[in-house]
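Same order as they appear, the protein sequences are chains A and B.
Last residue of the first sequence? That's 626 in numbering that gives the first Met the number 0, and every number before it is there in order.
Last residue of the second sequence? That's 284 in numbering that gives the first Met the number 0, and every number before it is there in order.
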Amino acid sequence: MDSSASVETHHDPHSHAGEHEHHELGFWRKYIFSTDHKVIGIQYGLCGLAFLFLGFSLMMLMRFQLAYPGQALPVIGKFLPHIFGPGSMPDGKMTPDFYNSLGAMHGTIMIFAGVVPLAFAAFGNFVVPLQIGAPDMTFPKVNAASFWAFAAGGVIMLISFFVPGGAAKSGWTSYTPLAAIADSGPGHNPVFNGQTLWLIGFIFLITSSLLGAVNFITTIIQLRAKGLTWMRLPFFVWAQFVTAFLLLLAFPPLEAAIVMQLMDRLAHTSFFLPSGLVVNGTPLAISGGGSPLLWQHLFWFLGHPEVYVLILPAFGIVAEILANNSRKPLWGYKSLVFSVLVIGFLSFIVWAHHMWLTGMGSAVSAFFQTTTLLISIPSVIILSAFFISLWGGSIRFNVPMLFTIAFLPMFGIGGLTGIPLAFNSADLYLHDTYYVIAHFHYIVAPGTIFGLFAGVYYWFPKATGRRMSEFWGKVHFWPTLICMNLIFLPMFLQGMAGMHRRWYDGGQGWGVANDHTVWGLTGFQWNQPISWAAWAMGLAQIPFIINFFWSIKHGEKVNDNPWEATTLEWTAPSPPPHGNFVHTPVAYRGPYEYSLPGRERDFTMQNEPVEPAERTPRKSPAEPVLA
Amino acid sequence: MEIPYTVSTRPDTGLWNAKIGIWLFLASEVMLFGALFSAYIFLRIDAAPGTWPHGLLNVPVGTMNTAILIISSVTVVLAWAALKMRRYRAYWWYMLATISCGVIFLVVKLGYEWPQKFEHFGAYIKPDALAKYEKYLGNERRIEKGLEPRIEITGHLHSQNATEYEVALDPVNADPDDPAMDRPHFIPLPVTDKIATIEKADVQRATMFLPTHSAYFASYFTITGLHGLHVLGGVVVFIYMWLPVSKKVYQRNPEHLANRVEVSGLFWHFVDLVWIFVFPLFYLL
């Protein structure tokens with residue numbers, strides 16, 4: 000338990016004296032307009048969690064309409080029209096437009112205002128500099144600008160709920176020409192309407208990701224501690240490194256597409272509007288000559304790498320917790336690193352598998368089908384390595400580890416059910432059904448979000464010096480796990496029965512959904528247990544929220560390395576001061592030296608020098624090397 | 000607390016932080032403009048016959064702007080080199096030259112080229128009325144020669160009433176059968192004094208040369224507009240580095256200012272490079 004004490008005796012004698020300086024900053028500079036990576040990380044984290052809950056709440060509303068179409072929502076149904084305007088839920092009954100708004104904004108908020116800020120920006124900001132032994136990010140002011148761009152984007156997305164006509168309602172993908180003509184005409188402001196604000200908000204969110212990505216990559220390249228070579232980086236850092244590249248290179252094409260859609264909406268160009276478009280029986284007064292398919296290509300050029308932006312940070316978190324709590328080195332570290340690099344590369348050439356139904360042509364489809372199947376290879380390598388890492392471990396079933404262990408099969412289900420979608424012939428049938436919803440939610444909900452919960456429980460002591468309650472963590476974990484599966488497993492059945500994902504009435508009006516039963520329930524009737532599970536899962540988050548805020552002040556106090564972990568962030572004080580480390584850390588070994596034979600403790604931290612007895616003639620350089 | 004390697008290089012990478020940062024940023028910029036140029040290709044391949052205009056832009060002016068940007072790229076390197084040799088005075092002049100080039104470019108683009116387009120008029124003729132305007136379009140000869148048909152009559156809008164447009168024709172419509180009009184002209188020909196009357200009933204769509212005019216002008220204004228914003232951004236940054244406030248940075252650590260100029264110079268070269276693609280795609284091809 001005295002890890003940090005033992006570490007101090009080995010500190011680098013050339014460490015900067017300046018690190019001990021203490022700048023007294025005012026409240027605003029210290030906690031609000033801070034340039035400290037830890038504060039920014041926490042800001043991102045709190046906003047991300049809030050947006051996740053908001054996005055989930057939108058879905059809980061939709062689930063009522065799906066389970067009980069046309070019925071008035073009890074209790075809160077009376078209040079919602081006062082918040083979202085009379086066009087949203089007159090008499091507590093949801094209008095189709097409002098349903099579409101909720102659907103589009105659920106996707107947008109969950110992905111771009113919830114998971115990306117939390118998985119990439121929050122964990123990346125807080126953990127990466129600590130894990131690589133850096134005093135901060137390379138560009139602290141750019142980092143703050145990144146957060147404030149995100150905040151502006153998030154606020155714009157929120158404002159869009161309250162403008163005349165309501166928030167964007169053309170799906171989270173904003174397919175044209177629908178999106179280019181939605182929310183326009185009488186009753187809509189040319190700028191302050193749902194779809195235009197969605198586009199403007201996106202420009203801010205993209206700017207935020209871009210600034211963050213540049214900062215992360217530069218930080219990882221430049222500010223690694225002495226001796227922390229590339230193959231000694233914790234896997235989490237590798238995952239964030241690749242994620243940053245995905246954001247850096249995949250977001251700009253969407254930004255270009257958004258600029259073009261803004262031009263279509265504001266300057267009445269026809270980038271995405273084909274000739275001869277007729278709306279409500281009237282030909283549109285536009286030049287035409289545009290291509291709706293162009294939007295889909297540009298959107299999915301971001302959209303697919305984005306999927307890996309969501310999952311790679313979760314892989315990283317899971318890897319850290321898995322090694323820590325199985326008390327043995329991560330199995331196949333190098334394979335993991337190369338797999339994550341290959342995923343990063345391949346993710347750029349699979350985007351058109353979202354577009355099998357657009358009639359791109361069989362040659363194009365064959366190409367993208369091949370690359371899509373190829374990308375499953377590194378994904379399977381990663382998942383297999385994680386499973387093998389458990390083999391023979393002495394597993395500690397604490398809350399972070401529970402979420403991590405649950406992540407593995409959940410991600411497995413999500414990944415394997417994606418394979419039928421990768422084949423364009425099978426996808427012709429499954430496309431746009433609940434099967435697709437179930438598939439990608441298994442990846443991002445019990446997959447990514449479990450990884451994120453695990454990360455919150457795991458690094459909470461580093462951020463606060465206190466541990467979250469284990470008991471209430473388990474109260475959070477078990478119902479969440481059960482509800483997740485109750486929600487998404489039946490959706491596979493619904494999807495295979497042909498239920499379309501965009502039905503406002505939950506399939507009630509579709510004959511086939513009603514005359515075919517699985518386990519005694521028709522496709523439509525399955526909506527009810529799914530919805531009840533979703534609401535139950537909402538309740539299951541209450542212990543987490545209370546535990547989170549209560550533990551900040553009242554959690555059990557712990558030392559600097561409560562999980563007995565090996566990586567450099569656990570050598571810093573908890574919470575780390577401005578500048579992070581008391582002594583500039585030096586890395587002498589790899590990131591997962593658990594259960595080294597002949598040692599007293601079952602973990603050896605990265606900054607513990609290699610002892611003469613450990614040395615083998617060939618490897619393990621005696622002196623730290625810079626590479 | 001101080002961030003390492005802001006000015007000096009890290010031994011194993013041989014780089015200081017901002018240099019990596021700017022290259023990464025430029026990589027993302029390549030993707031941004033790459034997507035826009037891809038859209039251009041996509042739309043151009045898809046364009047129906049006769050809807051993708053040629054030779055509407057002023058090539059000599061575009062050539063001049065290209066030269067101005069290339070010169071500014073040279074002067075910014077000289078400014079950086081002057082700082083490296085610790086000649087602040089020379090730096091100051093080279094920087095002024097760079098800023099001036101950027102400003103001239105923007106003035107020419109926004110003050111001359113764009114407004115000229117806004118004053119130009121074009122009317123797309125309905126397919127069944129094309130024969131009626133054969134004397135302005137010359138399609139019989141073009142079809143014989145295997146050329147794309149003309150479906151638009153362009154020029155300056157003289158006047159219009161409820162039923163008609165009166166247009167002072169561009170040379171291409173004034174004398175459509177002249178073989179010289181088969182190709183765009185390097186030096187733009189002025190609008191003729193030949194007036195054509197076009198009935199509104201025969202017109203499918205009539206606009207000035209605005210982004211709404213066609214997919215061509217939509218991409219022209221979007222791409223040159225975004226490029227112009229980049230030029231403006233570069234000019235603003237250069238002005239900051241040229242003002243006395245940056246002299247203090249120079250006096251504290253000349254390398255620091257040199258690094259800043261290097262980074263913004265890299266950005267400036269990139270902006271140049273984008274123009275090198277814009278110029279042929281829109282003016283020449």
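Ideal Cβ placement from N, Cα and C applies to all residues, glycine included.
Collapsed DSSP secondary structure at residue i in the structure displayed
i                      : result
residue 33 of chain A  : coil
residue 164 of chain B : strand
residue 144 of chain B : coil
residue 499 of chain A : strand
residue 555 of chain A : strand
residue 649 of chain A : Residue 649 of chain A is absent from the model: chain A starts at 0 and stops at 626.
residue 592 of chain A : coil
residue 47 of chain B  : coil
residue 265 of chain B : helix
residue 204 of chain B : strand
residue 122 of chain B : strand
residue 150 of chain B : coil
residue 156 of chain B : strand
residue 235 of chain B : helix
residue 449 of chain A : helix
Same chain, Cβ closer than 7 angstroms to residue i, neighbours up to 5 away in sequence not counted
i                      : result
residue 199 of chain A : 155
residue 213 of chain B : 50 and 52
residue 498 of chain A : 432, 433, 506, 512 and 522
residue 423 of chain A : 355, 364 and 368
residue 530 of chain A : 62, 63, 65 and 66
residue 435 of chain A : 420, 429, 494 and 500
Alpha-carbon spacing of residue i relative to residue j, whole angstroms
i                      : j                      : result
residue 552 of chain A : residue 20 of chain B  : 38 angstroms
residue 80 of chain A  : residue 64 of chain A  : 15 angstroms
residue 138 of chain B : residue 149 of chain B : 6 angstroms
residue 97 of chain B  : residue 34 of chain B  : 28 angstroms
residue 379 of chain A : residue 438 of chain A : 16 angstroms
residue 431 of chain A : residue 156 of chain B : 50 angstroms
residue 239 of chain A : residue 127 of chain A : 8 angstroms
residue 90 of chain B  : residue 66 of chain B  : 21 angstroms
residue 489 of chain A : residue 584 of chain A : 50 angstroms
residue 632 of chain A : residue 407 of chain A : Because chain A here runs from 0 to 626, residue 632 of chain A falls outside it and cannot be looked at.
residue 239 of chain B : residue 258 of chain B : 14 angstroms
residue 77 of chain A  : residue 60 of chain A  : 13 angstroms
Proximity below 8 angstroms, CB of residue i to CB of residue j
i                      : j                      : result
residue 565 of chain A : residue 587 of chain A : no
residue 293 of chain A : residue 283 of chain A : no
residue 39 of chain B  : residue 280 of chain B : yes
residue 149 of chain A : residue 204 of chain A : yes
residue 57 of chain B  : residue 183 of chain B : no
residue 246 of chain A : residue 131 of chain A : no
residue 381 of chain A : residue 314 of chain A : yes
residue 374 of chain A : residue 349 of chain A : yes
residue 257 of chain A : residue 201 of chain A : yes
residue 570 of chain A : residue 606 of chain A : yes
residue 137 of chain A : residue 222 of chain A : yes
residue 211 of chain B : residue 179 of chain A : no
residue 84 of chain A  : residue 165 of chain A : yes
Neighbourhood of residue i by C-beta distance below 6 angstroms, restricted to the same chain and skipping five residues each side
i                      : result
residue 116 of chain B : 208
residue 170 of chain A : 103
residue 107 of chain A : 171
residue 211 of chain A : 120 and 145
residue 163 of chain B : 196 and 198
(message) Along the segment 225-238 of chain B, where does the CB come closer than 8 angstroms to a CB of chain A? Name the residues.
(response) Listed by position along the chain: 225.
(request) Anything in the segment 198-214 of chain B with a Cβ closer than 7 angstroms to a Cβ of chain A? List those residues in chain order, please. (result) Of all residues in the segment 198-214 of chain B, the ones placed with a Cβ closer than 7 angstroms to any Cβ belonging to chain A are 204, 210, 211, 212, 213 and 214, in chain order.
(request) Please name the residues in the segment 155-182 of chain B whose beta-carbon is closer than 8 angstroms to at least one beta-carbon of chain A, in chain order. (result) So nothing in the stretch comes that close.
(message) At a CB distance below 8 angstroms, what residues from the segment 192-225 of chain A approach chain B? Give them in sequence order.
(response) Within the segment 192-225 of chain A, 209, 212, 213, 214, 216, 217, 220, 221 and 222 place their CB atoms closer than 8 angstroms to a CB of chain B, listed in sequence order.
(message) Using a Cβ-Cβ cutoff of 9 angstroms, what residues of the segment 64-78 of chain B are near chain A? List them in chain order.
(response) Taking 9 angstroms as the Cβ-Cβ cut-off against chain A, none of the residues of the segment 64-78 of chain B qualify.
(message) Short of 8 angstroms Cβ to Cβ, which residues in the segment 266-277 of chain B face chain A?
(response) The segment 266-277 of chain B vs chain A, Cβ under 8 angstroms: nothing.
(request) Closer than 7 angstroms, Cβ to Cβ, to anything on chain B: give me those residues from the segment 242-253 of chain A, in chain order. (result) Those residues of the segment 242-253 of chain A that come within reach of chain B (Cβ to Cβ, closer than 7 angstroms) are 247, 248, 251 and 252.
(request) Can you give me, in chain order, the residues of the segment 96-127 of chain B that have a beta carbon less than 7 angstroms from any beta carbon in chain A? (result) Listed by position along the chain: nothing, the set is empty.
(request) Give the residues from the segment 239-254 of chain B that approach chain A closer than 8 angstroms (Cβ to any Cβ), ordered along the chain. (result) Listed in sequence order: no entries.
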